[in-house]
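Structure first, then comments.
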Amino acid sequence: MEIITAKISSNESRYWSQVLEFAKADHNLFLYLGFVDLEESAAERKSKAIASFIESQIIKQAKKLTGADLKEISKAARLHFKFSDNDDFAIIVIQEGVLKVTAGGLTMFLLRDGKMATIFEPKTHSGTISGPIKEGDSFMVVTTDIVSGLGIGVIKALLEMNQPASAIESLLTKLSTLDGNLRKGCLLAMSVASKTKVADSTILEPSQKTALSRLKNLFNLFRKAAVAFVDLLLKLLPERKIVVEAGMADVSIERKRKSAFFVAVVLLVLLVVSVVYGSKQRELRSKKAATGSAVDEINHLLDEAQALFGLSPDRSRELVLAAKESLSDLADIDGEEYKVMAEKVDEVAGAILGEYEGQPELFLDLTLSTDGFSGQAGSLSEDTLYVLDKENSKLIQIDVKTKNTRVIAGPSEVEGTLDVAGYLDKAFIAKKDVLYKVDKGGITKLADGQFGNDVLINAYAGNIYLLDKSRSQILRYQGGGGGFGEGESWLAEGLSEDLTNIVSWAIDGSIWAVDGEAMVYRFASGRRLSRNTISKYVKKPAKISTSENDQDIYFLDSATNKIVVFDKEYGYIAQYSAGDVGPIRSMFASESVGKIFLLTGPKLYVLKMKHLN
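In structure tokens form, the structure reads like this:
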């Protein structure tokens, strides 16, 4: 692969720029240097010294040069030669089909397969990128003044010319119409296939052409003579005479008619069979060709998306979305191939987009444990899941590892229950102004209170926590000595929080709560530590799930029927689709078992956590 380049330099004292190029046996090196308020002679001396330093450092590392090495070389050069924050620079190395760039103050564009991506921006003064470069790629390193003066559309048009020299001429013409005080400097490069020689065997000399022509004429004369000889032999052979005896003519004619009819029927059947068979074969060939074309396109998009992910994440995401569109076309062609490619697209989309579209698996049909069961709420503690049916007043306990399921409380115990919190082998339930414990020994009253009907309950470290939305308070019932004390306000004295719109909460040492507007609150030691919105990803939160054993936080979005995952610094991680299982009533996540449990009412589904990999 060869690199064709063209460049623009400036010798003005306000902004002096130069592009240097070094072609080595195992790599290509390009340097862009731009200095502000430096005399031409001083700028030339400085650029030569910098180029000599960088070239020598890269040669030392050439065979094992990494992006980190390039960044260190750049850092050393900027410190040693005292670059100012207003100076521009770029070091570009192309080695074994891989592009490595470190730059500051400049913008870099890449045009690949007709699509342009901004792969480097001057947001920070220095950064490093690396990634594969393909035949036909064009890239431009240019000052921010030129980008803002001409616009992205002009930049793309220049790259699409596929002729660096012509593009630079056009760029100079356009720059002549702009403000003369612009910082001017540009490197435009294009990768092309290496030139190859045409094999000698494909070209015939004139003498060879004449000999071949004579040979063809001789062959034609011989063929005509052979045909004439065969015709003469046929004329000399005697004709075969056919005699029909008297009385047999009619029978012979009738037999011939029947034979002709039979032959006609057979031929017709064969014709129909051949037409049908040929039609099916054409359909199969057409389907195979269409399938192969669609699969090739999807594979190409996914391969390119993965290759560009480190170089241009935005372009990489565009390619994955394009692969998803092509996948929908494949569904109409070949169902079996669609399933295979859907898994591959889902895997790559998960890695690049953080989106997983797999269909949840049925984990348990809860109606098999008790007729008519339909859960609305629940709580997961370690490996034990508690599911509450408020309408039929039943509470089920499930071991999520063994699927062992049993009803631990019925209407007489849990009627009127507002919420449930699991804690190891027991469950705590909240009714109006009363807390109860449910375990193997039955139901036990724990405490009275004044918290009304709009409450959420949780359990952590042997204590019970109650969020009373009507009073915007959090009560803690401290456990000890086999019982629980009276409810005490957990929030610090004098601290007021509006908790009326909280829809769900979880405890991992801190208290996490989410309201109906997708605002997430984090409390610790009775005080609010943070408040952040996740409305960009979650439209209508219905449930939050995390624990001290989980590194991430999981939100159920009832508007999209998706589970959205964040880290505990509010960074977006991934999202899972609930497929076509219907509206999800509650959700429970456990990283220790690597699963997300989805409650639809009568059934419990499960999704495997793929983002942890």
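Residue numbers (this note's numbering): 1299 to 1911.
All C-beta atoms, glycine included, are put in the ideal place defined by N, C-alpha and C.
These numbers come from a predicted model, not from an experiment.
Inter-residue spacing [alpha-carbon to alpha-carbon] between residue i and residue j
i     : j     : result
S1672 : N1690 : 8 Å
G1824 : L1773 : 11 Å
T1441 : T1416 : 13 Å
S1833 : V1862 : 11 Å
K1622 : K1735 : 50 Å
L1910 : I1871 : 10 Å
V1391 : N1309 : 25 Å
K1493 : M1299 : With a pLDDT of 49 at K1493, under the threshold of 50, the modelled position of that residue is not reliable, and the figure given next carries that caveat. Their Cα atoms are separated by approximately 9 Å.
G1670 : P1900 : 8 Å
C1484 : A1620 : 32 Å
M1546 : R1580 : Note that M1546 scores a pLDDT of 46, beneath 50, so its modelled location is shaky; the value from the coordinates is reported in the next line. One C-alpha to the other measures close to 50 Å.
Y1636 : G1648 : 18 Å
R1410 : K1837 : 36 Å
Y1852 : L1678 : 13 Å
E1543 : V1573 : In this prediction, E1543 has a pLDDT of 44, which is less than 50 and means its spatial position is unreliable; what the coordinates show is noted afterwards. Those two C-alpha atoms are separated by around 43 Å.
Q1771 : A1605 : 52 Å
D1681 : L1651 : 30 Å
G1869 : T1742 : 42 Å
N1384 : S1315 : 13 Å
V1705 : G1714 : 17 Å
L1793 : L1744 : 28 Å
K1432 : F1387 : 24 Å
L1683 : N1702 : 10 Å
A1374 : D1435 : 30 Å
G1762 : G1777 : Note that residue 1762 is Ile in the sequence shown here, rather than Gly. Each residue's alpha carbon lies about 7 Å from the other.
G1676 : D1594 : 46 Å
K1908 : E1645 : 9 Å
K1539 : V1571 : Residue confidence for K1539 is low, a pLDDT of 47 falling below 50, so the modelled location carries little weight; the figure read from the coordinates is stated next. Going from the Cα of K1539 to the Cα of V1571 covers about 39 Å.
R1613 : H1598 : 14 Å
A1804 : Q1674 : 17 Å
Q1695 : E1641 : 34 Å
A1707 : L1764 : 21 Å
K1738 : K1688 : 20 Å
L1566 : Y1575 : 14 Å
Selected residue, minimal CA-CA separation from residue i, among the options
i     : options                    : result
E1653 : V1643, K1454, L1827        : V1643
F1351 : F1379, Y1775, L1336        : F1379
N1799 : V1879, Y1819, L1318, A1790 : Y1819
G1760 : N1859, G1807, D1766        : G1807
Y1775 : R1410, K1701, L1733        : L1733
A1323 : S1339, N1751, I1357, E1616 : I1357
R1883 : D1865, Y1868, A1840, N1479 : A1840
E1342 : Y1313, T1703, E1370, K1362 : Y1313
E1889 : F1895, A1857, D1848        : D1848
D1752 : S1315, Y1763, K1738, K1767 : K1767
R1615 : D1627, D1663, E1602        : E1602
D1731 : G1740, G1739, D1746        : D1746
K1454 : A1592, M1414, T1475        : M1414
S1382 : G1403, V1399, E1394        : G1403
T1700 : E1319, F1328, V1891, H1598 : V1891
A1487 : V1618, L1473, M1459, T1475 : M1459
A1349 : F1328, L1693, V1685, A1340 : F1328
K1866 : K1344, S1828, Y1835        : S1828
L1664 : V1812, G1656, L1686        : L1686
T1405 : L1617, I1371, K1482, T1471 : K1482
S1845 : E1791, A1757, S1787, A1816 : A1757
Rounded Cβ spacing between residue i and residue j (contact assumed at less than 8 Å)
i     : j     : result
I1755 : V1718 : 7 Å
S1428 : V1396 : 6 Å
F1661 : L1902 : 5 Å
K1860 : S1875 : 6 Å
F1418 : L1457 : Actually they are not in contact, since the Cβ atoms of F1418 and L1457 sit about 15 Å apart, beyond 8 Å.
Q1657 : G1880 : Actually they do not touch by this definition, with Cβ atoms about 12 Å apart.
Sheet register partners of residue i (DSSP bridge)
i     : result
F1407 : T1416, M1438
Q1849 : Answer by DSSP bridge pairing: none, since Q1849 is not bridged.
A1487 : T1303, F1437
N1309 : W1314
K1735 : F1726, T1742
K1637 : Beta-bridge pairing links K1637 to no other residue.
I1809 : I1805, F1821
Y1721 : K1724
P1975 : Outside the modelled stretch of the chain, which goes from 1299 to 1911, sits residue 1975, for which no answer is possible.
A1675 : L1686
G1429 : L1397
N1326 : A1321, I1392
heavy atom of the ligand SAH below 7 Å from residue i C-beta
i     : result
L1480 : The ligand SAH is absent from the structure shown, which contains no ligand whatsoever.
Exercise for review: Kindly confirm or deny that the region 1301-1315 and the region 1365-1380 touch, where touching means at least three C-beta pairs closer than 8 Å.
Suggested key: no
Review point. Do the region 1444-1451 and the region 1321-1335 touch if we need at least three Cβ pairs shorter than 8 Å?
Key: no
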